[in-house]
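Q: Handing you a structure now.
In the numbering used here, the protein residues as written are 973 to 1268.
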C-alpha cells in the first residue's frame, strides 16, 4: 500500500474494532466500510467478526460488542473475498488508517494494493490549536455526531471529518503543498540523541517528524540502527524507553528474547497501558513502519 495526500470525492472509508493494539497478537472483531462516490455515500459494508477467542470486559465496555454478539460470526479470513470486492481499487480513507490497514493485511495474510489517506495527518496540520487529534477529539471539536465507538459509526464520523478538512482547505485557499511542504533546517535545531541526520532537508509531513519513537524487539528486514537512522533523517526523536511522551513504539520480533514469556516486551506492555489510558501513542509493527517510508 502507498500513503498519499489527496483531496478526492471517490473513495472508501475504513474502520475496524479490535481486541487490542497489535496485529501480531490481537484480532479484528468488527469491520465497517462506506463507499463514497461524488462525495456521497452510495454503499455500506459492516460485519461483526469472531476472533476465535473470548474478548475481555474492557473491550466490551469500549465498543459495546459482547462475546454473545460474536458467536457464530465469520472469521476475518472468511470475509476476504467480499471485502476486497467491495473496496476494489478505491483509495482508502481512515483516521490513523495505518492501524486498520496493518490489522486487515494480517487478517487476510495479503498486502493490500490500494492507496490510502490518513485524516489524522491532515488534522495535525490544519488544527494545530488542538493538543490531540484522535477521532474523539476531532468529532468533539468540530461537533460531528458520533453515536458509539463502533466501526460504522466511526466510518461515518471519519467521512464527515474528511469533508470538514476539504471545506477548511477550500475556505482558506489551501492546496496540498501549502500544508505538506518541506522546509530546510540546520541539524543543530533537531532534537536527536547519538544518531545524526544524513541531511538537513526535513520532511515535516512525515509520520515521525518531531515525534518520540522507541523500538522494541529484533527487526527482520533491517538492522535497528538503520531503522533509527530513517527516523532521525525525517526529524524524529529517538528514546530508549517508553514514557508518556512516546508517540510511536515500533515492534520487532521478540522470538529471539528469552525473557519474553507472553509475546510482549515490557515496552510493549507499557505502551498498551498508556494507550488504553488515553495517551497519544501508536503501536506499529515492522511492516507498517516500512510502509510509512514506502519501503515495502
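From the three backbone atoms N, C-alpha and C, an ideal C-beta is built for every residue, glycine too.
Using a threshold of 8 Å, state whether the C-beta atoms of residue 1080 and residue 1052 are closer than that.
A: yes
Q: Hey, residue 1167 and residue 994 are a contact pair by Cβ (cut 8 Å); roughly how many whole angstroms apart?
A: Not confirmed; about 26 Å, so no contact.
Q: Using a Cβ-Cβ cut-off of 7 Å (strictly less than) and excluding sequence neighbours within five positions of residue 1105, which residues of its own chain qualify?
A: 1092, 1095, 1096, 1099
Q: Could you pull out every residue in the same chain whose Cβ sits closer than 6 Å to the Cβ of residue 979, ignoring the five residues on either side in sequence?
A: Excluding residues within five positions, the ones whose Cβ falls inside 6 Å are 1138.
Q: What residue range does the beta strand (DSSP E) around residue 1016 cover?
A: 1012–1020
Q: Would DSSP call residue 1158 helix, strand or coil?
A: Residue placement at residue 1158 cannot be trusted, given a pLDDT of 39 that sits under 50; the coordinates are not used to answer.
Q: Which same chain residues, not among the five before or five after residue 1203, have their C-beta less than 7 Å away from its C-beta?
A: 1180, 1185, 1210
Q: Would residue 1005 and residue 1127 be called neighbours here (beta carbons separated by less than 8 Å)?
A: Taking C-beta atoms as the reference points, residue 1005 and residue 1127 count as a pair closer than 8 Å.
Q: Count the other CB atoms within 10 Å of the CB of residue 1089; is the residue buried (16 or more) or exposed (fewer)?
A: buried
Q: Using 8 Å as the cut-off, can you tell me whether the region 1117–1135 makes contact with the region 981–990, which would need three or more C-beta pairs spanning the two stretches below that distance?
A: yes
Q: Going by other Cβ atoms of all chains shown within 10 Å of its Cβ, with 16 needed for buried, is residue 1038 buried or exposed?
A: exposed
Q: Beta-carbon separation of residue 1257 and residue 1206 under 8 Å?
A: no
Q: In chain order, which continuous runs of the beta strand (DSSP E) of length 3 or greater are located wholly inside the region 993–1079?
A: 1000–1009, 1012–1020, 1064–1066
Q: Below 8 Å CB to CB, which residues in the same chain sit around residue 1021 once its five sequence neighbours on both sides are set aside?
A: 999, 1000, 1001, 1002, 1003, 1042, 1045, 1046, 1047, 1048, 1051
Q: Ordered along the chain, which non-local residues of its own chain (more than five positions away) have a Cβ less than 6 Å from that of residue 1244?
A: 993
Q: Starting from the C-beta of residue 1072, find all residues in its chain whose C-beta is less than 7 Å away, skip the five residues before and the five after it, and write them out in chain order.
A: 986, 987, 988, 1066
Q: Among 1142, 1034, 1013, 1007, which one has its Cα closest to the Cα of residue 1060?
A: 1007
Q: Looking at the unbroken alpha helix (DSSP H) that takes in residue 1261, where does it start and where does it end?
A: 1258–1264
Q: Assuming contact is defined by CB atoms lying nearer than 8 Å, are residue 997 and residue 1063 in contact in what I supplied?
A: no
Q: How would you call residue 1078, buried or exposed, if buried means at least 16 neighbouring beta carbons within 10 angstroms?
A: When all chains shown are included, residue 1078 counts as buried.
Q: Can you check the region 1179–1219 for any beta strand (DSSP E) of at least 3 residues that lies completely inside it and give the ranges in chain order?
A: For the region 1179–1219, whole beta strand (DSSP E) runs of length 3 or above, ordered along the chain, are 1184–1188.
Q: Would you report the Cα separation of residue 1249 and residue 1141, rounded to the nearest angstrom?
A: 33 Å
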